[in-house]
Amino acid sequence: MTVEALLSVAVGVLFATGLYLMLRRTIVRLLIGLSLIGNAANLLIFVAASLRRGVPPIAPEGAAAPPPEAADPLAQALILTAIVISFGVLGFALALTDRTVQATGTDDLDQMTEEEPEP
Amino acid sequence: MIAAAVGLCFLFALAIGVGRRSFARVPDQLAWLPGAAVLAAVIVAREEDALRLSWLPELGLQFVLRMDGLGRLFALIIACIGVLIQAYAAGYFSGKPDRERLLSLLLFFEGSMLGLAFSGDLLTLFAFWELTSVSSFLLIGFDSQSAEARKSAQQALTITAAGGLALLAGILVLGQIGGSFDLGVLASRAETIARHPSIGWAVALILLGCFTKSAQFPFHFWLPGAMAAPTPVSAYLHSATMVKAGVFLAALLTPVLGSAPLWSESLIGFGAATVVVGGIAALLQTDLKLILAYSTVQALGSLCLLIGVGTPNALHAALALLCAHALYKGALFTVAGCVDKQAGTREITRLGALARRMPVTALAGLLAGLSLIGAVAFAGFTSKELAFKSILASPDTRWLVAVMLLSALSGGGVAILVGYEVFWGKASGPTEHVREAKPIMVAAPLVLAVAGLALPLMAGLWERGLIQPALASITQGQPDKPVQPWYGVDLVLGLSLASWAIAFLVYRRHADLVHWGRAQRAFPSGTVLHAGVWTGILAFAASITRLVQNGRLRWYALATSAAVVALMVLQYAAAPGVPRVGGTGLQAFEALPLLAVMVAAVLAAASWNSLAAVASLGIVGWGLAAVYVDFGAPDLALTQLVVEALTVVLFVFVLRRLPQPRPKPDRWRLPHALFAGMVGCLMAFLAFAVTTTLPHEKVADWHAAMSVPEGQGRNVVNVILVDFRALDTLGEITVLAVAAVGVAAMYRSKLRREADR
Chain C
1 MTVEALLSVA
11 VGVLFATGLY
21 LMLRRTIVRL
31 LIGLSLIGNA
41 ANLLIFVAAS
51 LRRGVPPIAP
61 EGAAAPPPEA
71 ADPLAQALIL
81 TAIVISFGVL
91 GFALALTDRT
101 VQATGTDDLD
111 QMTEEEPEP
Chain E
120 MIAAAVGLCF
130 LFALAIGVGR
140 RSFARVPDQL
150 AWLPGAAVLA
160 AVIVAREEDA
170 LRLSWLPELG
180 LQFVLRMDGL
190 GRLFALIIAC
200 IGVLIQAYAA
210 GYFSGKPDRE
220 RLLSLLLFFE
230 GSMLGLAFSG
240 DLLTLFAFWE
250 LTSVSSFLLI
260 GFDSQSAEAR
270 KSAQQALTIT
280 AAGGLALLAG
290 ILVLGQIGGS
300 FDLGVLASRA
310 ETIARHPSIG
320 WAVALILLGC
330 FTKSAQFPFH
340 FWLPGAMAAP
350 TPVSAYLHSA
360 TMVKAGVFLA
370 ALLTPVLGSA
380 PLWSESLIGF
390 GAATVVVGGI
400 AALLQTDLKL
410 ILAYSTVQAL
420 GSLCLLIGVG
430 TPNALHAALA
440 LLCAHALYKG
450 ALFTVAGCVD
460 KQAGTREITR
470 LGALARRMPV
480 TALAGLLAGL
490 SLIGAVAFAG
500 FTSKELAFKS
510 ILASPDTRWL
520 VAVMLLSALS
530 GGGVAILVGY
540 EVFWGKASGP
550 TEHVREAKPI
560 MVAAPLVLAV
570 AGLALPLMAG
580 LWERGLIQPA
590 LASITQGQPD
600 KPVQPWYGVD
610 LVLGLSLASW
620 AIAFLVYRRH
630 ADLVHWGRAQ
640 RAFPSGTVLH
650 AGVWTGILAF
660 AASITRLVQN
670 GRLRWYALAT
680 SAAVVALMVL
690 QYAAAPGVPR
700 VGGTGLQAFE
710 ALPLLAVMVA
720 AVLAAASWNS
730 LAAVASLGIV
740 GWGLAAVYVD
750 FGAPDLALTQ
760 LVVEALTVVL
770 FVFVLRRLPQ
780 PRPKPDRWRL
790 PHALFAGMVG
800 CLMAFLAFAV
810 TTTLPHEKVA
820 DWHAAMSVPE
830 GQGRNVVNVI
840 LVDFRALDTL
850 GEITVLAVAA
860 VGVAAMYRSK
870 LRREADR
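From first to last, the protein sequence lines are chains C and E.
Numbering-wise (our numbering), the first sequence opens with residue 1 and increments by one.
Numbering-wise (our numbering), the second sequence opens with residue 120 and increments by one.
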């Protein structure tokens with residue numbers, strides 16, 4: 001068993017559970033699913049860049065560049081951005097959920113659709 | 120001055136449109152001023168004034184406004200009638216807020232139309248062509264409160280815009296074949312163009328554009344529908360000018376396509392059919408505007424037919440008819456508008472004996488009617504004589520005499536109905552309340568009708584000043600006879616006399632004809648067909664929308680992920696490969712956080728307790744943070760820890776206010792779980808395949824090397840975020856700010872609503 005194999009399985013489990021939750025009727029579960037899928041995508045990017053144990057991409061004092069065996073800094077930068085953005089989206093979605101549930105009196109996505117007036 | 124005439128129109132349209140309020144105080148009597156300025160510009164414009172702007176030189180596109188004889192004739196008709204109609208329209212809508220809106224739109228239309236007349240390049244012409252369609256749409260639907268007006272406007276737009284698309288395709292084909300869009304260049308290559316094997320496509324597509332615009336059978340039905348527009352609009356657009364654009368384009372392209380296959384056969388065939396359909400339908404109506412509309416359809420058919428015949432004589436006759444028709448039909452429409460406004464009806468069965476009440480209008484109606492029926496010394500007589508003579512001159516086209524005869528007798532019938540019956544026929548109701556229309560309104564029909572008499576009396580000027588230059592720009596030949604008020608006693612005069620006699624009979628039996636026409640409703644009209652096609656398209660669109668946008672969020676998530684999976688599988692099937700086994704050995708302490716992540720994720724999916732699910736979500740996040748730490752990403756781990764903690768707090772904060780979720784009946788649970796499991800397996804496979812098969816050429820090597828010397832920072836991730844990819848980070852911050860503003864707005868509006876209560 002390699003690290004890559006176990007990480008890949010984790011990616012799969014996160015995608016599967018996240019997608020399953022996104023397909024549920026209860027709005028809070030959808031949001032949890034969204035969050036899980038975000039984590040899954042981040043982990044996928046992380047795994048796709050080569051895995052290097054324990055050497056962060058930081059140049060040591062006095063050196064001009066990080067050691068050659070350091071982890072991929074670009075993937076980390078991308079994931080960092082993704083984490084922050086999904087947090088922003090999640091915050092917005094939570095506020096929207098709160099307001100919607102207060103306004104419609106239900107947390108059931110199917111019922112919300114039915115209460116929408118026909119165009 | 121050519122560009123100035125076009126530009127002035129748009130400028131005036133804009134000024135009047137924007138300054139509606141200020142212009143509302145301007146008296147009606149001044150409404151002709153903008154049009155007069157444009158007319159002056161058209162009159163003084165010289166052929167040397169051409170404007171050539173290169174538009175997209177790489178593609179050989181250019182914007183060309185120039186003036187040839189044909190363009191000048193057409194532009195003069197547009198500008199002269201424009202002045203009269205704009206004054207008439209001001210009187211028609213006097214004191215109403217719509218007055219400025221109508222004037223603005225009329226000037227916008229006039230600009231588009233003049234641009235069309237002056238275009239020296241097919242793509243320039245197309246742009247103006249579409250502008251006239253749009254302004255026609257806006258003007259037909261001018262009374263936007265009326266459902267019928269909106270429907271007619273939509274019908275006219277779909278027909279003319281569909282034709283416009285065909286025209287564009289035809290222009291592109293012709294441009295490919297001829298190697299240029301410039302009309303002059305194309306005309307010089309006419310012989311090679313006519314022999315090209317694909318020229319039939321260009322001809323068919325361009326003619327489709329002409330036929331839809333000029334209301335040729337079987338597309339003619341939008342024109343009677345367009346009578347929903349205010350009468351000044353009908354007189355200007357749908358009789359005198361815009362509907363002639365198709366005919367104008369056919370004439371303009373005669374030097375290029377005149378000898379191409381299909382050209383003249385199509386023009387003659389569709390023109391003749393249009394004459395028959397329009398000519399008969401005109402006699403079956405009782406509404407003045409509908410009578411005139413069908414009569415216009417018939418005249419447009421005659422014009423197409425003459426251009427199709429294409430001999431110098433026929434083209435000469437077509438040009439004479441173009442002038443004569445604009446004058447008498449414009450006059451009759453404005454007469455109908457006056458009658459409608461003063462007597463309150465356009466139904467011919469309820470009109471009669473108005474001559475004493477509206478003497479000036481009656482005089483205009485009579486003169487225009489005489490021109491339409493082709494009375495000696497009127498413009499209508501000249502054009503009819505020339506048309507008959509040109510058709511009789513060649514043995515191939517002699518059969519068209521029957522069509523022309525029908526056209527003559529239909530025109531005669533219409534002339535008697537509108538020019539005589541309304542004013543001198545038997546009164547069918549009280550007429551005491553009817554008054555003569557305002558001077559500014561009767562001016563238009565009177566001037567137009569008198570011009571119809573004046574033109575043949577100044578035949579030399581008409582011939583040399585207008586018709587000859589126009590003819591010279593579309594053919595090299597010369598007509599046998601110039602325009603004259605009288606051609607002597609011959610066969611054609613006999614035919615004219617016969618048509619008058621039949622027209623008189625038709626007039627006497629008009630009520631029977633109308634009755635007969637009403638009985639023929641079984642024949643499906645174009646309007647019904649169009650409505651059917653239209654409803655069908657809308658229903659199809661609605662069913663597609665219901666299918667793909669059913670409003671169920673779950674369906675969207677499912678469809679999106681299914682599509683992604685399908686793409687992945689297809690991609691893999693195209694180039695299958697087995698991931699190479701190998702990689703980094705697993706150590707026991709690393710397995711622990713990953714197992715925790717997986718267990719927590721499954722718990723989050725299975726738990727009905729929201730708090731437990733959120734706590735599991737937190738465990739997933741922190742487990743991932745541990746993985747990030749292990750594999751050299753301390754920055755990620757820190758961010759993940761902070762964000763995860765905040766996420767849990769936010770969730771708990773919102774969950775407090777929500778009802779405790781209860782399991783809901785859901786027959787899709789198992790299929791969804793299976794689908795999600797399948798997607799999970801695929802993603803796992805993808806992740807594994809990527810880690811083990813992709814060559815590890817790090818994109819980031821450059822970043823790592825440049826971080827210290829260029830970015831002055833030792834933490835490469837940091838330098839990438841704030842330096843190399845600083846714009847991305849700015850975008851990220853913007854997203855966060857927008858989300859924050861959104862959240863604030865949602866709660867603010869709630870607070871305000873509560874405060875209002």
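No residue lacks a Cβ here, since even glycine has one placed at the ideal position from N, Cα and C.
Please read these numbers as outputs of a predicted model, since none were measured by experiment.
* **residue 91 of chain C vs residue 677 of chain E beta-carbon contact at 9 Å** => On the first sequence, residue 91 of chain C is found 91 positions in, with the first residue counted as 1. On the second sequence, residue 677 of chain E is found 558 positions in, with the first residue counted as 1. At least 9 Å separates the beta-carbon of residue 91 of chain C from that of residue 677 of chain E.
* Asked: What whole-angstrom Cβ distance do residue 189 of chain E and residue 592 of chain E have, given they're in contact under 8 Å?
  -> Working through the second sequence from its first residue, we reach residue 189 of chain E at position 70. Working through the second sequence from its first residue, we reach residue 592 of chain E at position 473. At roughly 5 Å, the Cβ-Cβ gap stays under 8 Å, so residue 189 of chain E and residue 592 of chain E are in contact.
* Starting from residue 81 of chain C, find everything on chain B with Cβ-Cβ shorter than 9 Å and list it in chain order. => Any reference to chain B falls outside this structure, whose protein chains are C and E.
* When the cut-off is 9 Å and only beta carbons count, does residue 522 of chain E lie next to chain C? -> Against the second sequence, residue 522 of chain E aligns to sequence position 403. No, residue 522 of chain E lies away from the interface with chain C (no Cβ there is under 9 Å from its Cβ).
* Asked: Can you tell me whether DSSP reads residue 834 of chain E as helix, strand or coil?
  -> As a working note, residue 834 of chain E is residue 715 in the second sequence. For residue 834 of chain E, the secondary structure class from DSSP, reduced to helix, strand or coil, is strand.
* Decide yes or no for the touch test of the region 457-475 of chain E against the region 432-448 of chain E: beta carbon pairs closer than 8 Å, at least 3 of them. => Counting Cβ pairs under 8 Å, fewer than three are found: no touch.
* By how many angstroms is the C-alpha of residue 748 of chain E removed from the C-alpha of residue 8 of chain C? -> Position 8 of the first sequence, counted from the first residue, corresponds to residue 8 of chain C. Position 629 of the second sequence, counted from the first residue, corresponds to residue 748 of chain E. Roughly 18 Å between the two C-alpha positions.
* Asked: Is the region 765-781 of chain E in contact with the region 729-745 of chain E, if contact means three or more CB pairs nearer than 8 Å?
  -> The region 765-781 of chain E, when compared against the region 729-745 of chain E, does touch it at the 8 Å Cβ threshold.
* Asked: When the Cβ atoms of the region 193-211 of chain E are set against those of the region 608-616 of chain E, are three or more pairs found closer than 8 Å?
  -> No, the region 193-211 of chain E does not touch the region 608-616 of chain E.
* To do: For residue 104 of chain C, decide whether its Cβ has a neighbour in chain E, counting only Cβ atoms nearer than 9 Å.
  => To locate residue 104 of chain C, count along the first sequence from 1; it is residue 104. Answer no: the Cβ-Cβ gap between residue 104 of chain C and chain E never drops below 9 Å.
* Asked: Among C:87, C:53, C:30, C:60, which has the Cα closest to the Cα of residue 835 of chain E?
  -> Within the second sequence, residue 835 of chain E is the residue found at index 716, counting from 1. That would be C:60, whose Cα lies nearest to the Cα of residue 835 of chain E.
* Keeping to the same chain, check which residues put their C-beta closer than 8 Å to that of residue 322 of chain E; ignore five residues upstream and five downstream. => Here residue 322 of chain E refers to the residue found at position 203 when the second sequence is read from its first residue. The beta carbon of residue 322 of chain E sits closer than 8 Å to those of 289, 376, 379, 380, 381, 382, 385, all from its chain and outside the five residues before and after it, given in chain order.
* Quick one: which chain C residues come within Cβ less than 8 Å of residue 810 of chain E? -> Translated into the one-based positions of the second sequence, residue 810 of chain E becomes position 691. Residues of chain C passing the Cβ test: 4, 7, 8, 47, 48, 50, 51.
* Asked: According to DSSP, is residue 857 of chain E helix, strand or coil?
  -> Here residue 857 of chain E refers to the residue found at position 738 when the second sequence is read from its first residue. Here residue 857 of chain E sits in helix by DSSP.
* Contact list for residue 710 of chain E against chain C, beta-carbon separation under 7 Å -> Counting from one through the second sequence, the residue named residue 710 of chain E turns up at place 591. By Cβ distance, chain C contributes 6.
* **C-alpha distance - residue 448 of chain E paired with residue 197 of chain E, whole-angstrom precision** => Within the second sequence, the letter at position 329 stands for residue 448 of chain E. Within the second sequence, the letter at position 78 stands for residue 197 of chain E. The alpha-carbon of residue 448 of chain E is positioned some 14 Å away from that of residue 197 of chain E.
* **Chain-order list of residues whose beta-carbon lies under 6 Å from that of residue 586 of chain E (same chain, five-residue window excluded)** => As a working mapping, residue 586 of chain E is identified with position 467 in the second sequence. Spatial neighbours of residue 586 of chain E in its own chain (CB-CB distance under 6 Å, excluding positions within 5 residues in sequence) are listed in chain order as 438.
* **Residue-level contact to chain C via CB, residue 71 of chain E, 9 Å cutoff** => Shown here, chain E extends from 120 to 876; a query on residue 71 of chain E therefore has no answer.
* To do: Could you tell me how far apart the beta carbons of residue 571 of chain E and residue 490 of chain E are, in whole angstroms, since I believe they sit closer than 8 Å?
  => Working through the second sequence from its first residue, we reach residue 571 of chain E at position 452. Working through the second sequence from its first residue, we reach residue 490 of chain E at position 371. Taking C-beta atoms under 8 Å as the contact rule, residue 571 of chain E and residue 490 of chain E qualify, at a distance of about 4 Å.
* Asked: Going along the chain, which unbroken runs of the alpha helix (DSSP H) with 4 or more residues stay wholly within the region 188-258 of chain E?
  -> Runs found: 188-211, 217-237.
* Same chain, Cβ closer than 7 Å to residue 141 of chain E, five either side skipped, listed in chain order -> Residue numbering aside, residue 141 of chain E sits at position 22 when the second sequence is read from its first letter. There are no such residues.
* Asked: What separation, rounded to the nearest whole angstrom, lies between the Cα atoms of residue 577 of chain E and residue 195 of chain E?
  -> In the second sequence, the residue the question calls residue 577 of chain E occupies position 458. In the second sequence, the residue the question calls residue 195 of chain E occupies position 76. A direct Cα-to-Cα measurement between residue 577 of chain E and residue 195 of chain E gives close to 17 Å.
* **Residue burial classification, residue 248 of chain E (beta-carbon count within 10 angstroms, cutoff 16)** => As a working mapping, residue 248 of chain E is identified with position 129 in the second sequence. With 16 or more Cβ atoms within 10 Å of its Cβ, residue 248 of chain E is classed as buried.
* What's the C-alpha gap between residue 511 of chain E and residue 582 of chain E? -> The residue you call residue 511 of chain E lines up with position 392 of the second sequence. The residue you call residue 582 of chain E lines up with position 463 of the second sequence. Distance from the CA of residue 511 of chain E to the CA of residue 582 of chain E, rounded to the nearest whole angstrom, comes to 22 Å.
* Give the straight-line distance between the Cα atoms of residue 723 of chain E and residue 734 of chain E, rounded to the nearest whole angstrom. => Residue 723 of chain E sits at position 604 when you count from the first residue of the second sequence. Residue 734 of chain E sits at position 615 when you count from the first residue of the second sequence. A direct Cα-Cα distance of roughly 8 Å separates residue 723 of chain E from residue 734 of chain E.
* Asked: In this structure, does DSSP put residue 461 of chain E in helix, strand or coil?
  -> On the second sequence, residue 461 of chain E is found 342 positions in, with the first residue counted as 1. Correct three-state label for residue 461 of chain E: helix.
* **Neighbourhood of residue 525 of chain E by C-beta distance below 7 Å, restricted to the same chain and skipping five residues each side** => Position 406 of the second sequence, counted from the start, is the residue given in the question as residue 525 of chain E. Sequence-distant partners of residue 525 of chain E (beyond 5 residues in either direction) whose C-beta falls short of 7 Å from its own C-beta, in its chain, are 394, 395, 398.
* Asked: Start and end of the beta strand (DSSP E) containing residue 181 of chain E?
  -> For the purposes of this step, residue 181 of chain E is identified with residue 62 of the second sequence, where counting begins at 1. Looking at the DSSP string, the run of the beta strand (DSSP E) that includes residue 181 of chain E is 180-184.
* Any C-beta of chain C under 9 Å from that of residue 866 of chain E -> Position 747 of the second sequence, counted from the start, is the residue given in the question as residue 866 of chain E. By the rule that beta-carbons nearer than 9 Å mark a contact, residue 866 of chain E touches chain C.
* Find out if the Cβ-Cβ distance for the pair residue 498 of chain E, residue 575 of chain E is shorter than 9 Å. => Here residue 498 of chain E is taken as the residue at index 379 of the second sequence, counted from 1. Here residue 575 of chain E is taken as the residue at index 456 of the second sequence, counted from 1. Yes, the Cβ-Cβ distance between residue 498 of chain E and residue 575 of chain E is below 9 Å.
* Asked: With 16 other CB atoms within 10 Å as the buried threshold, where does residue 616 of chain E fall?
  -> Residue numbering aside, residue 616 of chain E sits at position 497 when the second sequence is read from its first letter. By the neighbour-count rule (16 or more Cβ atoms within 10 Å), residue 616 of chain E is not buried but exposed.
* To the nearest angstrom, how far is it from the Cα of residue 705 of chain E to the Cα of residue 713 of chain E? -> Taking the second sequence and counting its residues from 1, one reaches residue 705 of chain E at position 586. Taking the second sequence and counting its residues from 1, one reaches residue 713 of chain E at position 594. C-alpha separation (whole angstroms): 11 Å.
* Rounded C-alpha distance that separates residue 90 of chain E from residue 264 of chain E -> Any question about residue 90 of chain E goes unanswered here, given that chain E covers just 120 to 876.
* Taking the DSSP output, what are the residues bridged to residue 884 of chain E? -> No statement about residue 884 of chain E is possible, as the shown extent of chain E runs from 120 to 876 and does not include it.
* Asked: Would residue 880 of chain E count as contacting chain C if we go by Cβ distances under 9 Å?
  -> Any answer about residue 880 of chain E is impossible in this case: the structure gives chain E only from 120 up to 876.
* Is it right to say residue 317 of chain E is buried, meaning 16 or more other beta carbons lie within 10 angstroms of its own, or is it exposed? -> In the second sequence, residue 317 of chain E corresponds to position 198, counting from 1. Exposed.
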